[in-house]
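Just so you know, the sequence shown maps onto residues -28 to -1, 1 to 600 in mature numbering (1 follows the signal peptide of the UniProt record, and there is no 0). The beta carbon of each residue, even a glycine, is placed where N, CA and C say it ideally should be. Notes follow the structure.
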Amino acid sequence: MARSRGSTAQAATMTMLALLAVARRASSFALMGGSARQMQIRGAVARARPAALCMSSTPVQDGQLQAIKDQIAAVGDRIRSLKAESADKSMLQPEVEALLSLKAQYQTLTGEPFDPPKAGAKKPQAKQQQQKGGKQGQVKGQESDKITPRNQDYSQWYLDVISAAELVDSSPVKGCMVIRPWGMAVWDALRNDLDARIKDKGVSNAYFPLFIPRSFLSKEAEHVEGFAKECAVVTHHRLCADPNGGGLVPDPEAKLEEPLVVRPTSETIIWHMFGKWISSHRDLPMKINQWANVVRWEMRTRPFLRSAEFLWQEGHTAHATREDALKCAREMLDMYADSVKDMLALPVVKGTKSPMERFAGAEETFTIEGMMQNGWALQSGTSHFLGQNFARAFDVYFQTKNEDRELVWATSWGVSTRLMGALVMTHSDDAGLRQQLPPAVAPHQVVIVPITKGQGEDTDLVNSFVDTAVAQLKAQGIRVKVDDRDHLRPGAKYFEWERKGVPLRLEVGARDAKGKVLTLARRTGGDKTPIPLDDSFAEAIQQELQGVHELLWKEGEDHMASGDKDRTGFYLVPWCCDASREKEIQEDSKATIRCYPLDLNEAKAYEGKTCFYSGEPATHMALFARAF
């Protein structure tokens, strides 16, 4: 259906672009935590343009305008810094777009163009230094201790938090990260939980080559189109000295007969092997999983969220019937949702992707989508129903019980270290991993800090008392660390473990040991609590850890359901499925359909509703959002 593109529509488009760019929201449109409440569309041009997603009747407050001004100043500073470093255009362009969007929002809200401060005007106060020293135990005077406030620069805040928590470090390879021991321990805990759940589904672990013949990718047309631009390719098998003295170069005599693609995903090579392993219905279902690294040559990278190399698990299954394959794909999606709830305290929305957002080569893609603190979505796991596309491409047939020859049905499903990014952006604040690591994945669930002065009877008493406490905690299966480093003051130790998100801290001095108590400090703050070292000590700590998880889960649910914060959010609207209109909305606002929520669409909540964009009868309830 053709639509007018007059000045009103263009203004509405600009409104949405600006509002989404600076995380403004309309309280009527937040997804209410899994409820079936339909968003009501406001605005004079609700059917004409996507501004209906976020236009609000809320009056403009001075604080809102000042926040926009502050963001304009921060983005401007970043642009000047990038130019000074001679950064390439790919890094400058998104910052310039963000600046233009911020200025557009300012003009939309005030009716006047943004007027930058004149030279010599007082600049906004720089971000305040984190509180240092004293009983809070914070190290003084180190620039690296600072964490950029979220409302000043969300992207930099994220980088500061993962650095302060020692989750990752940069590497000499552009786009690749070093996962540090603390970060790897968190991933290991999540991986171990998922591995057990996957095996409970009757899936076996295997490992397939990192290198895939280039010809394999071209066997499934949609698949190769989806990954071609991200593939790293190996063309030679050795190096030699440059005869011109330029160091090492590929040896011209070592060129491969067929280039090898460094694994972007493993469907093609696994289905080549399935063709060798499957011949009869007795071989089905075949369920394989592998834990591996993957390379996708991303142009704009961010640790955990998008990187050229990352860790993941990928499951691949073959089935005799369509129904069995679809059931498997749904079961794995539910498994992911359960795991991120139990391990990460991360609320998600389960749904299916629109045709435009589906995995390359899939007939259906199921997804779990989390809402981060800035209101953007993060795709946290996917499960794909592949139909018979890969079976057909790799000639994977089986003999049925009736001795007919049929193609098998396929699924693939996976999660990655992206979940680490979801963890940080869900359970952190301006002090670091404030709401702490969920106990299930915390490398140390409890840290004990003995407070002693040199050697003597009191020190011996404290150490003996701590040993008893540690033994009880370990017997309960609690991961505990004693920080007895003698070159750091207690306050410095507190600061370090708070930054790393350790849920509970126990402090023990001579007076505590004599009174047979430990002082409990929670990462989220509040009053310290004396905990007696008796027969119920370990159980009391276990209950505290359970309370931490429940608190994190509730805060996550409340955030997803909240309607009282100035932020971008999830926008649930009736939608008539149309790829061209979906692309228009994405180009205008950078918002995409994150999913069609399963519960609402299975209940046909869209029936009798009109598409908010085209005015045609709705075919789905769609969840729109900006996304990482």
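### Where the beta strand (DSSP E) containing C567 begins and where it ends
As a working note, residue 567 is residue 595 in the sequence shown. Here the beta strand (DSSP E) through C567 covers T564 to P569.
### Message
Between the alpha carbons of L595 and W159, how many angstroms are there, rounded?
### Response
In the sequence shown, the residue the question calls residue 595 occupies position 623. In the sequence shown, the residue the question calls residue 159 occupies position 187. Roughly 29 Å between the two C-alpha positions.
### Query
Do you know how far the Cα of V489 is from the Cα of L505?
Here residue 505 corresponds to residue number 533 of the sequence shown, with the count starting at 1. Here residue 489 corresponds to residue number 517 of the sequence shown, with the count starting at 1. L505 and V489: Cα-Cα distance of roughly 5 Å.
### Query
According to DSSP, what are the bridge partners of V47?
Translated into the one-based positions of the sequence shown, residue 47 becomes position 75. Beta-bridge pairing links V47 to no other residue.
### Query
How many angstroms separate the CA atom of residue 601 from the CA atom of L476?
Because the chain spans -28 through 600 in this model, residue 601 falls outside it and cannot be assessed.
### Message
For A309, tell me which candidate among A301, K299 and V321 has the shortest Cα-Cα distance.
### Response
In the sequence shown, residue 309 corresponds to position 337, counting from 1. Among A301, K299 and V321, the Cα nearest to that of A309 belongs to V321.
### Message
Within the continuous alpha helix (DSSP H) that includes R483, where are the two ends?
### Response
Taking the first residue of the sequence shown as 1, we reach residue 483 at position 511. Start and end: A482 to G487.
### Message
One question on the structure: do I51 and Q77 come within less than 8 Å of each other, judged by their Cβ atoms?
### Response
Position 79 of the sequence shown holds residue 51. Position 105 of the sequence shown holds residue 77. Not in contact: I51 and Q77 (Cβ atoms no closer than 8 Å).
### Task
Go ahead and pull the three-state DSSP assignment for P31.
Counting from 1 along the sequence shown, the entry for residue 31 is found at position 59. For P31, the pLDDT reaches just 38, beneath the cut-off of 50, and the residue's location in the model is therefore unreliable, leaving the point undetermined.
### Task
With DSSP collapsed to three states, give me the class of Q518.
To locate residue 518, count along the sequence shown from 1; it is residue 546. DSSP places Q518 in helix when its eight states are reduced to three.
### Query
According to DSSP, is L379 helix, strand or coil?
Against the sequence shown, residue 379 aligns to sequence position 407. Reduced to three states, the DSSP call for L379 is strand.
#### Entry: Whole-number beta carbon distance between S384 and E286, since they are thought to touch under 8 Å
Position 314 of the sequence shown holds residue 286. Position 412 of the sequence shown holds residue 384. Right, the Cβ-Cβ distance comes to about 6 Å (below 8 Å), so this counts as a contact.
### Closer than 7 Å: E470 CB and nearest the ligand NAD heavy atom
The model on display carries no ligand, and the ligand NAD is accordingly not part of it.
### Query
If you pair each beta-carbon of the segment 350 to 360 with each one of the segment 325 to 339, do three or more pairs fall below 8 Å?
yes
### Message
In this structure, how does DSSP classify N346 when only helix, strand and coil are distinguished?
### Response
Within the sequence shown, the letter at position 374 stands for residue 346. Looking at N346 - three-state DSSP - the assignment turns out to be coil, as it is neither helix nor strand.
### Query
Mind checking whether V221 and L211 have CB atoms under 8 Å apart?
Start at 1 with the first residue of the sequence shown, and residue 221 comes out as number 249. Start at 1 with the first residue of the sequence shown, and residue 211 comes out as number 239. Result yes, Cβ atoms of V221 and L211 sit closer than 8 Å.
### Query
When you compare each of M392, R483 and V474 to F437 by their alpha carbons, which one comes out closest?
Locating residue 437 in the sequence shown gives position 465, where the first residue counts as 1. With distances taken between Cα atoms, F437 lies closest to R483.
### Assigned secondary structure, S400 (DSSP; H/G/I helix, E/B strand, else coil)
Here residue 400 corresponds to residue number 428 of the sequence shown, with the count starting at 1. It is coil, neither helix nor strand.
### Message
Under 8 Å: do the segment 369 to 381 and the segment 346 to 353 share three or more Cβ pairs, one atom per stretch?
### Response
no
### With 16 other Cβ atoms within 10 Å as the buried cut-off, status of V520
If you number the sequence shown from 1, residue 520 lands on position 548. V520 comes out buried.
### Message
My assumption, with CB atoms under 8 Å, is that residue 611 sits in contact with I250. Please give the rounded CB distance.
### Response
With the chain covering -28 to 600 only, the question about residue 611 has no answer from this structure.
### Task
Go through its chain and collect everything with a Cβ distance to A485's Cβ below 6 Å, but skip five positions before and after it.
As a position in the sequence shown, residue 485 is number 513, starting the count at 1. L433, V434 and F437.
### Query
If you pair each beta-carbon of the segment 122 to 141 with each one of the segment 394 to 404, do three or more pairs fall below 8 Å?
yes
### Message
Can you check which of these residues, D530, P236 and E429, is closest to F180 by C-alpha distance?
### Response
On the sequence shown, residue 180 is found 208 positions in, with the first residue counted as 1. Selected option, being the one with the closest Cα: P236.
### Query
Mind checking D125: buried by the 16 CB within 10 Å criterion, or exposed?
On the sequence shown, residue 125 is found 153 positions in, with the first residue counted as 1. So D125 ends up on the buried side.
#### Entry: Beta-carbon contacts of R152 that lie in its chain and below 7 Å, excluding the five residues immediately before and after
Stepping through the sequence shown from its first residue, residue 152 is reached at position 180. The residues are E138, L139, V140 and D141.
### Query
Among E341, V421 and F86, which residue has its Cα nearest to the Cα of G463?
What you label residue 463 is simply residue 491 of the sequence shown in a count that begins at 1. Comparing Cα positions, the closest option is V421.
### Task
List the endpoints of the continuous beta strand (DSSP E) containing P153.
Looking up residue 153 in the sequence shown gives position 181. Looking at the DSSP string, P153 is not in any beta strand (DSSP E); the run it does join, the alpha helix (DSSP H), is P153 to D172.
### Task
Kindly indicate which residue of N265, L460 and R364 has the alpha-carbon position closest to the one of G426.
Counted from its first residue, the sequence shown places residue 426 at position 454. Residue L460 is the option with its Cα nearest to G426.
### Task
Would you grab the beta carbon distance between W525 and A317 for me? Rounded to a whole angstrom, and I think it's under 8 Å.
Position 553 of the sequence shown, counted from the first residue, corresponds to residue 525. Position 345 of the sequence shown, counted from the first residue, corresponds to residue 317. About 4 Å; that satisfies the 8 Å criterion.
#### Entry: Given 8 Å, three or more beta-carbon pairs between the segment 191 to 205 and the segment 262 to 269
yes
### Task
Report the option in F331, N361, T293 and C148 whose CA atom is closest to the CA atom of L283.
Counting from 1 along the sequence shown, the entry for residue 283 is found at position 311. The residue with the shortest Cα to Cα distance from L283 is C148.
### Message
Strictly by DSSP, which residues pair up with A533?
### Response
For the purposes of this step, residue 533 is taken as residue 561 along the sequence shown, with counting starting at 1. Per DSSP, none; premise fails for A533.
### Query
Hey, C300 and T289 are a contact pair by Cβ (cut 8 Å); roughly how many whole angstroms apart?
As a working note, residue 300 is residue 328 in the sequence shown. As a working note, residue 289 is residue 317 in the sequence shown. Going by Cβ atoms, the distance from C300 to T289 rounds to 5 Å, so yes, they are a contact pair.
### Message
Suppose you measure from the CA of K173 to the CA of P257; what does that come to, to the nearest Å?
### Response
As a first step, residue 173 must be located in the sequence shown, where it is residue number 201. As a first step, residue 257 must be located in the sequence shown, where it is residue number 285. The straight-line gap from Cα to Cα measures roughly 12 Å.
### Message
Going by DSSP, what residue range makes up the alpha helix (DSSP H) through E468?
### Response
Mapped onto the sequence shown, residue 468 falls at position 496. Its alpha helix (DSSP H) spans residues P462 to R471.
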